[in-house]
């Protein structure tokens, strides 16, 4: 697996950056916690609705968070994805850039193996 392919798998489709505090929605799609919170806040500011409903940007599944005091924190953190992002940052640079010219090492293989395992587990 190429470095760019790995980075693409670890990129939030909302902010287009490596996942930060990834949260997994019940539909299975994953986004940064901050991205989900921003979506919920923008929707409230635009509509001034009392309900807090979040729609998945990919499949449009709706989640009612009106009575959830935790807000988007009700969605579980994806710890495997957190670890994969950490491995990617360690292997390819802080932002996933592969411009260091370093040869592929054990960390690269670990990151790719972990990603393959994560895909099978989904």
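Numbering (UniProt numbering), first residue to last: 1 to 122.
Positions of the beta carbon are idealized from the N, C-alpha and C atoms, including for glycine.
Length of the line joining the Cα atoms of residue i and residue j
i: residue 144; j: residue 52; result: Because the chain here runs from 1 to 122, residue 144 falls outside it and cannot be looked at.
i: residue 19; j: residue 32; result: 5 Å
i: residue 87; j: residue 12; result: 16 Å
i: residue 70; j: residue 79; result: 19 Å
i: residue 98; j: residue 83; result: Residue confidence is low: residue 98 scores 41 on pLDDT, short of 50, so the model does not pin down where it sits. No coordinate-derived value is stated.
i: residue 47; j: residue 62; result: 16 Å
i: residue 73; j: residue 3; result: 30 Å
i: residue 39; j: residue 54; result: 7 Å
i: residue 14; j: residue 50; result: 24 Å
i: residue 8; j: residue 45; result: 31 Å
i: residue 25; j: residue 56; result: 8 Å
i: residue 93; j: residue 85; result: 11 Å
Minimum C-alpha distance to residue i - residue among the options
i: residue 81; options: 13, 17, 23; result: 23
i: residue 59; options: 10, 5, 27; result: 27
i: residue 77; options: 36, 17, 91, 5; result: 36
Presumed contact (8 Å Cβ cut-off) between residue i and residue j, rounded CB distance
i: residue 21; j: residue 30; result: The pair is not a contact, with the Cβ atoms about 11 Å apart (cut-off 8 Å).
Residue range of the unbroken beta strand (DSSP E) whose run includes residue i
i: residue 32; result: 30-32
i: residue 48; result: From DSSP, residue 48 is part of no beta strand (DSSP E); its letter is neither H nor E.
i: residue 83; result: From DSSP, residue 83 is part of no beta strand (DSSP E) but of the alpha helix (DSSP H) over 79-92.
i: residue 20; result: No beta strand (DSSP E) holds residue 20; DSSP gives it neither H nor E.
i: residue 64; result: 62-64
Span of the alpha helix (DSSP H), counted from its first residue to its last, around residue i
i: residue 5; result: 3-9
beta-carbon residue i near the ligand FAD non-hydrogen atom, thresh 6 Å
i: residue 6; result: Within the structure as shown, the ligand FAD is missing, as the structure has no ligands at all.
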